[in-house]
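Accompanying notes for the structure given below.
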Amino acid sequence: MAKRVLWRESKGIKDKQEEVPSKARSCNLQCGESVTIEDRAYTISAVTHRYQLRKGKYEPTEKRLDVLSTGRYILNLYLENLLEQS
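Take the sequence shown: its letter number 51 is residue 274 in the numbering used here, and every next letter is one higher.
What follows is the structure in structure tokens.
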């Protein structure tokens, strides 16, 4: 199961589920990239951006990263390829 990492950019509050690496706050992370959380390697499986309407404009409020352990991510890719070939 994917872990969820949440960063609320506008408030600077980290969700209690996982520690967000400092790289996630300043960079544009994408699916397939590796991150280290608490000395463990993970691969980003999904990135979700949320916006809130304020004063007639949508402003980013949070970024959620769904991550899998690197081994599980590679295994999932392998299994998906096997499924496509059958």
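By construction, the Cβ of each residue, glycine as well, lies at the ideal position given by its N, Cα and C atoms.
Residues bridged to residue i by DSSP?
i    : result
K280 : R277
I267 : V290
E285 : R273
Since residue i is in the beta strand (DSSP E), which residue starts that stretch and which ends it?
i    : result
W257 : The sequence as given places Ser at residue 257; Trp does not occur at that position. S257 to I260 is the extent of the beta strand (DSSP E) around S257.
Assuming residue i contacts residue j under a Cβ cut-off of 8 Å, what Cβ separation, rounded to an integer in Å, is found between them?
i    : j    : result
R273 : T284 : 5 Å
V270 : L291 : Rounded, the Cβ-Cβ distance is 13 Å, inconsistent with contact.
S257 : T293 : 6 Å
Is residue i near the ligand ADP, going by C-beta to nearest heavy atom under 6 Å?
i    : result
E303 : What this structure holds is no ligand at all, so the ligand ADP is not there to describe.
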